[in-house]
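Report on the following structure.
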Amino acid sequence: MKVSINLAQEFSNVDLKSIPRDELLQRVGAQLGAVEEVIDWAPKYEGIIIVKVITCASHPDADKLSVCTIDDGGITPDVNRGENNLIQVVCGAPNVYAGMFAVWLPPGTIVPNTLNTDPFVLEAREIRGVVSNGMLASAKELVISDDHEGVVELNRKEVGFEPKIGEPLTNYFGMDDFIIDCENKMFTHRPDCFGNLGVARELAGINGLAFKSPDWYIKPHFEDFQDQVLEILVENKIPDLVPRFMAVVMKNIEVKKSPVWLQALLTRVGIKPINNVVDVTNYIMHLTAQPLHAFDYDKLKVYSNEPSLMPRMSKKGEKLKLLGQKEIELTGEEIVIATDKQAIALAGVMGGADTEVDENTNNIVIECASFDMYSVRRTSMRYGLFTDAVTRFNKSQSPLQNNVVLAFAMKKMHEFAGAEQASDVADIHGDLKSPVALVVGVDFINARLGSNLSADEMSQLLNNVEIETHTKDNNIHIVAPFWRMDIILPEDIVEEVGRLYGYDKLPVKLPKRTIKPAKKSELLEFKHNMRQRLAAVGANEVITYSFIHGDLLKKTGIDPDRWAYHVRNAISPDLQYYRPSLMPSLLAKVHANIKSQAGSDDNRFAIFEIGKAHVKGHEDAEKLPEQMDRLALVVTADDKTAKRYHFGASYYLARKYLQVITKSQDEITILEDDSYSVTAPFQKGRSSIIAVNGVLLGVIGEFRPEVRSALKLPEYSAGFEIDLNLLQKQLRAQIYQPLNPYPKSQQDLTLEVETSVLWDAVQKELFKTLAFIKNEQGYNFEIVPKDIFSRAESEKKRLTFRIGLSHPEKTLKTEEVNKLIERLAEVAGKQFNALRI
Amino acid sequence: MSYQNPDVARVAEELMAKLDSLPDKKLILRDPLLRGLFDQLKTLPPQERALFGKEVNELRLKLNSLAGDGIVIEEQLPIDITAPWDVNTPVDKMPDFFPTEQGSIHPLMQEIESICNIYQRMGFMVEESREIDDDFHMFESLNFPAGHPARDDYDTFMTDEGLIAPAHTSTMQNRVLKKYKDSLEQGEPIAVVIPGRVFRNEDLDVTHEHTFYQLEGVYVGEGVNVGNLIATLGAFMNEYFSQQLKTKLQPFYFPFTEPSFEFAIERPTALKKGNTEADQWLELLGCGMIHPKVLKMADIDPEIYTGFAWGGGIERLVMMKHGIEDIRHFESGKLEFLRQF
Chain L
1478 MKVSINLAQE
1488 FSNVDLKSIP
1498 RDELLQRVGA
1508 QLGAVEEVID
1518 WAPKYEGIII
1528 VKVITCASHP
1538 DADKLSVCTI
1548 DDGGITPDVN
1558 RGENNLIQVV
1568 CGAPNVYAGM
1578 FAVWLPPGTI
1588 VPNTLNTDPF
1598 VLEAREIRGV
1608 VSNGMLASAK
1618 ELVISDDHEG
1628 VVELNRKEVG
1638 FEPKIGEPLT
1648 NYFGMDDFII
1658 DCENKMFTHR
1668 PDCFGNLGVA
1678 RELAGINGLA
1688 FKSPDWYIKP
1698 HFEDFQDQVL
1708 EILVENKIPD
1718 LVPRFMAVVM
1728 KNIEVKKSPV
1738 WLQALLTRVG
1748 IKPINNVVDV
1758 TNYIMHLTAQ
1768 PLHAFDYDKL
1778 KVYSNEPSLM
1788 PRMSKKGEKL
1798 KLLGQKEIEL
1808 TGEEIVIATD
1818 KQAIALAGVM
1828 GGADTEVDEN
1838 TNNIVIECAS
1848 FDMYSVRRTS
1858 MRYGLFTDAV
1868 TRFNKSQSPL
1878 QNNVVLAFAM
1888 KKMHEFAGAE
1898 QASDVADIHG
1908 DLKSPVALVV
1918 GVDFINARLG
1928 SNLSADEMSQ
1938 LLNNVEIETH
1948 TKDNNIHIVA
1958 PFWRMDIILP
1968 EDIVEEVGRL
1978 YGYDKLPVKL
1988 PKRTIKPAKK
1998 SELLEFKHNM
2008 RQRLAAVGAN
2018 EVITYSFIHG
2028 DLLKKTGIDP
2038 DRWAYHVRNA
2048 ISPDLQYYRP
2058 SLMPSLLAKV
2068 HANIKSQAGS
2078 DDNRFAIFEI
2088 GKAHVKGHED
2098 AEKLPEQMDR
2108 LALVVTADDK
2118 TAKRYHFGAS
2128 YYLARKYLQV
2138 ITKSQDEITI
2148 LEDDSYSVTA
2158 PFQKGRSSII
2168 AVNGVLLGVI
2178 GEFRPEVRSA
2188 LKLPEYSAGF
2198 EIDLNLLQKQ
2208 LRAQIYQPLN
2218 PYPKSQQDLT
2228 LEVETSVLWD
2238 AVQKELFKTL
2248 AFIKNEQGYN
2258 FEIVPKDIFS
2268 RAESEKKRLT
2278 FRIGLSHPEK
2288 TLKTEEVNKL
2298 IERLAEVAGK
2308 QFNALRI
Chain D
37 MSYQNPDVAR
47 VAEELMAKLD
57 SLPDKKLILR
67 DPLLRGLFDQ
77 LKTLPPQERA
87 LFGKEVNELR
97 LKLNSLAGDG
107 IVIEEQLPID
117 ITAPWDVNTP
127 VDKMPDFFPT
137 EQGSIHPLMQ
147 EIESICNIYQ
157 RMGFMVEESR
167 EIDDDFHMFE
177 SLNFPAGHPA
187 RDDYDTFMTD
197 EGLIAPAHTS
207 TMQNRVLKKY
217 KDSLEQGEPI
227 AVVIPGRVFR
237 NEDLDVTHEH
247 TFYQLEGVYV
257 GEGVNVGNLI
267 ATLGAFMNEY
277 FSQQLKTKLQ
287 PFYFPFTEPS
297 FEFAIERPTA
307 LKKGNTEADQ
317 WLELLGCGMI
327 HPKVLKMADI
337 DPEIYTGFAW
347 GGGIERLVMM
357 KHGIEDIRHF
367 ESGKLEFLRQ
377 F
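Chain order of the listed sequences is L and D. Residue 2021 in the numbering used here sits at position 544 of the first sequence, with consecutive numbering throughout. Residue 231 in the numbering used here sits at position 195 of the second sequence, with consecutive numbering throughout.
Structure below.
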């Protein structure tokens, strides 16, 4: 929202211009909302002055050029002067003539419309052999409009008095304006602030000054009128969506360019000047926030049986040609403005081409109405039309200002286009909501602000922005002004008081609390610990997107349709699905990292991610997709590095990392069923299911050849994915073993078994036996894996365990140890057909 | 060559015969017959496995060479998943962790943890946000009427089921308010911060991510006011930046707070840049007094209880702190980036 301080000043009783700009901006920021940009126009016109053209003759060598002499009042230094102190300028404009007042850009000045792009500095230079000292400027060059046909003329009619030679341009047409571009978002609930008048009121209020709206805004001033010459039938078929609909016909229009000041103003606030009729509607919209539309009455007649104007719902399939000739097909859900024959405008959004005002227009209908904000918004989104009218209507403009705005528009239409009223003013509305009345306690306000303001102080702040108040029993009775659609709740008054008083003046105090500790989150603390542990063993935490490409899921063997929630409006296919598992995203990060370290002797890493997975069909207590807190990790090494540092299956290194987070409490079983999303990437035979305390938590292993090939994973790659939430609940506290006062004896036990015998089966059997012995005779023990050996081509393997034994009451003798080890060998022999070596 | 195992021998013969007729010779390696041998392997008694496996591998290697040097990755033989390491692993190549100095924790996670740590010391609980939610929590419970233009600012991702990828951590407000309502009524203010991942359906560039992290805060009690809000956020900032900083509120609009603000602090010394007015301040958060309708939606009486809420992004803090030039690095998974933290 571009606020023109000149325009605000014109309608303000408060002297805004005397407030230092820095202070004004600081207050706007602190009490109204963020300032996006500040544009000071005066410097753009520095050195540019008003001159009178004294003589004007044809250029000797160019038909379209004139050679003029101009009078600058003799004030410009260092410029070539001829007879009578006049200055020679060559001009290409067809409208230049002797005696006109024009705008001169002396040598050394910059052409204003080139300032932001490629600044063009004027000089004295020859044009076809004749010296031109600077130039006379067109509206385009002065950033008034797009008009480049002729030079800007300052006649008495435009200026109102005879211009003074030599005066700076900034003394005219409001060209010394100052624009404050406020962020639209903060005005979402302030429809009135989409008009300069509303902002002018706030500028007074935040400076502690009382604003007084102009008379025309408070009461509608319609002229007495009897002479109904141009008839129009106005009806409202949808009062629920169009709370108020007003229209009037005006005749004897002369369509032409608007006065220079108006064109310049519109350009400064970002609206393109078109012609006086359209410009007046835009000017009033920018002033009051109420969009207006002007229809060509005679064209409208052509498209009516009987001249008529009415809002109604569109018909499905109905066509409408918009301004700019774009034709749209309506769906039956838009509000349109129609005659009794057809739709002619998209209500609140854009006018139609068939009834557009053009240079031949003689009579117009002005529409001033209120439309349902939600409907306007939907229509705007449906057709991608984001006009100034939409910006305002979708904040819900007050129907209570339609009449004053229309009356003012008629006056201005007369002033700028010679228009005369030609019909009654139609005003169709049902029960209009009256402004909200509220009673708000002074204590209520102070309690929420932390302030200590009196009823009088509060009232003054509110009265400054024309919110009427009276106080009774420490309660402030308020009637919202008719333009304030946002004041509904007592909290809205809290906001007004706080803002107008200044939040920076409020007492700042920390809330009081007891010393009761805030509860910690077990899961977050667990995640923190997991990060610390894994980083300490050389792993790198990554984070990847929660969304995933369907192809990546397929590459890892996961059927997206079955397992993943589909995102229907993703900007990119990379974000098509919610991931049902973290592993695919993690695997997708492997190849690039291997590649970027290519050539390194130590090209290996372990990456892990802690994140959420969502598996389609799994719901939580809220009936929403269950959020599974997962940890996934991948270890990998390129072939060269793997050969140098590692041996055999990468599975075993992944398992070592797994035991960091399971604190070696995991139990694993062979992965048989790989039909879950989380198990899909893993290769049977080299993968297992992870359980802790009997509860299944995840999967660990190497990846299927298809997965490795599709994602270019090195052969030495393995990983796991585990449910952290469940893991945290299942992990048991470590059990303390009292230290032993007597020395520990160690002995290796090597058993030869069939290759098919699992290590774990043997170890468990040994454990069971030792535990039994401990129970019986009090020996403490430990079993440490030592070696696994198999001769080539052999169907046997040798498992070596280092058995540590001790006793809390004695030092063990060798024979005693030998006996115990022998007993272990016997058990193994019986159970596994194992041979002690 | 001949195979001792009759099954392997038969399959070998059939596949050799098939090979000539195949348009793409590599397809032979995907033949179900070959796969069948591997499946069969798993069912064999242990004593038969070694030889059978060896012959199957030989067959495959042969087919592989016949098929041309296609990059076909071999399916490896089953291993003893319960063992601590592979058979015949030499002592110097036992599975061992990578060097400690190579490990790292993601900078965003480090920052979230240190921020939460400060709030915890201030007496706040920490609850994680959701990554998938419904319209009620994301909009309705936060006083965004359906069709309201305030929703325009949220380009939300949606699933086929109409579920939403939250665009702000405020999606948790209603849950948190309801969860702690009882203790509020026992006289304990609700004090919770909510870190979480949020999503905006927009294109990526050096300063824009569709996925980023926010931290939401909620404080509700009796007599809680705007002055408390300023003080609380100010106290956090002073601790976070280890410096006493001036603070500033700018009026703003959010449907779920009334009044609403943008909270700015004086730019900390460590982050100083230019000398313009804009350079003096850092806008870090959106905040405000919780809208009475939001409290009512959680069955909390706004006549008795008032509170404030705030929310801000994490990435920007981390980027400023380390001078990170591109927001996309965070989710890139690049070790070159991650190992610097």
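Note that the Cβ used here is the ideal one computed from N, Cα and C, for glycine as well. None of these values were measured; they are calculated from a predicted model.
Give the secondary structure of residue i by DSSP, where H, G and I count as helix, E and B as strand, and everything else as coil.
i	result
Thr-342/D	strand
Val-2044/L	strand
Phe-160/D	coil
Asn-2252/L	helix
Val-1882/L	helix
Asp-241/D	strand
Gly-106/D	Low confidence applies here, because Gly-106/D scores a pLDDT of 47, under 50, leaving its location unreliable and the question unanswered by this model.
Glu-2192/L	coil
Name the chain L residues that come within less than 8 angstroms of residue i, Cβ to Cβ?
i	result
Gly-270/D	Val-1985
Val-162/D	Lys-1997, Ser-1998, Leu-2001
Is there a Cβ from chain B that is less than 7 angstroms from the Cβ of residue i?
i	result
Lys-2066/L	Within the model displayed, chain B is absent; protein chains L and D are what it includes.
What number of angstroms, rounded off, separates the C-alpha of residue i from the C-alpha of residue j?
i	j	result
Asp-1440/L	Thr-1744/L	As shown, chain L starts at 1478 and ends at 2314. That puts residue 1440/L outside it, with no answer to give.
Ser-1931/L	Met-1663/L	28 angstroms
Gly-1794/L	Ala-1677/L	44 angstroms
Leu-2174/L	Gly-89/D	32 angstroms
Lys-1996/L	Glu-224/D	12 angstroms
Does the beta carbon of residue i come closer than 7 angstroms to any beta carbon on chain L?
i	result
Ala-86/D	yes
Met-356/D	no
Phe-193/D	yes
Gly-72/D	no
Asn-311/D	no
Thr-379/D	The question about residue 379/D has no answer here: the residues shown for chain D are numbered 37 through 377.
Glu-275/D	no
Gly-369/D	yes
Gly-106/D	The predicted position of Gly-106/D is uncertain, since its pLDDT is 47 and thus under 50; a value taken from the coordinates is nonetheless stated next. No - not a single Cβ of chain L is within 7 angstroms of the one on Gly-106/D.
Thr-293/D	no
Counting only Cβ pairs nearer than 7 angstroms, list the residues of chain L close to residue i.
i	result
Asn-261/D	Ala-1924, Arg-1925, Leu-1926, Gly-1927
Met-325/D	Arg-1925
Arg-166/D	Gln-2104
Please compile the residues from chain D whose C-beta is within a distance smaller than 9 angstroms of the C-beta of residue i.
i	result
Gly-1675/L	Near Gly-1675/L there are no residues of chain D at all, since even the closest Cβ is about 14 angstroms away, more than 9 angstroms.
Ser-2077/L	Per Cβ cutoff of 9 angstroms: no residues; Ser-2077/L is ~11 angstroms from chain D at best.
Using 7 angstroms as the limit for Cβ to Cβ distance, is residue i near chain D?
i	result
Ala-1932/L	no
Can you list the residues of chain D that residue i reaches, using a CB-CB cut of under 8 angstroms?
i	result
Arg-2163/L	Gln-112, Pro-114, Ile-115, Ile-117
Trp-2236/L	Asp-116, Thr-118, Ala-119, Pro-120
Lys-1798/L	Correct list: empty, because the minimum Cβ distance to chain D is about 27 angstroms.
Which residues, in chain order, does the stretch 2218 to 2233 of chain L contribute to contact with chain D at a C-beta distance below 8 angstroms? Hits within the stretch, in order: Glu-2231, Thr-2232, Ser-2233.
Given a limit of 7 angstroms on CB to CB distance, which residues of the stretch 141 to 153 of chain D reach chain L? Of all residues in the stretch 141 to 153 of chain D, the ones placed with a Cβ closer than 7 angstroms to any Cβ belonging to chain L are Ile-141, His-142, Leu-144, Met-145, Glu-149, in chain order.
What are the residues in the stretch 2248 to 2280 of chain L lying within 7 angstroms of chain D by C-beta distance? Going along the stretch 2248 to 2280 of chain L in chain order, one finds Pro-2262, Ile-2265, Phe-2266, Ser-2267, Glu-2272, Lys-2274 with a Cβ nearer than 7 angstroms to chain D.
Using a Cβ-Cβ cut-off of less than 8 angstroms, list which residues of the stretch 233 to 248 of chain D approach chain L; keep chain order. Answer in chain order: Arg-233, Phe-235, Asn-237, Glu-238, Asp-239, His-246, Thr-247.
Could you name the residues of the stretch 2005 to 2021 of chain L whose beta carbon sits closer than 9 angstroms to any beta carbon of chain D, in the order they occur along the chain? For the stretch 2005 to 2021 of chain L, the set of residues with a beta-carbon nearer than 9 angstroms to any beta-carbon of chain D comprises His-2005, Arg-2008, Gln-2009, Leu-2011, Ala-2012, Ala-2013, Val-2014, Gly-2015, Ala-2016, Asn-2017, Glu-2018, Val-2019, Ile-2020, Thr-2021, in chain order.
Give, in chain order, every residue of the stretch 119 to 133 of chain D whose Cβ lies closer than 7 angstroms to some Cβ of chain L. Cβ contacts with chain L come from Ala-119, Pro-120, Trp-121, Asp-122, Val-123, Asn-124, Thr-125, Pro-126, Lys-129, Pro-131, Phe-133.
Could you name the residues of the stretch 45 to 62 of chain D whose beta carbon sits closer than 7 angstroms to any beta carbon of chain L, in the order they occur along the chain? Going along the stretch 45 to 62 of chain D in chain order, one finds no residue with a Cβ nearer than 7 angstroms to chain L.
To be precise: take each residue of the stretch 2124 to 2136 of chain L, compare its Cβ to all Cβ atoms of chain D, and keep it if any distance is under 7 angstroms. Which residues remain? Listed in sequence order: Phe-2124, Gly-2125, Ala-2126, Tyr-2128, Tyr-2129, Leu-2130, Lys-2133.
Residues of the stretch 2189 to 2215 of chain L whose Cβ lies closer than 7 angstroms to any Cβ of chain D, in chain order: So the list is empty, because no residue satisfies the distance condition.
Against chain D: residues of the stretch 1964 to 1981 of chain L by CB proximity under 9 angstroms: Contact annotation: in the stretch 1964 to 1981 of chain L, residues whose CB is within less than 9 angstroms of a CB in chain D are Leu-1966, Pro-1967, Glu-1968, Asp-1969, Val-1971, Glu-1972, Glu-1973, Gly-1975, Arg-1976, Tyr-1980, Asp-1981.
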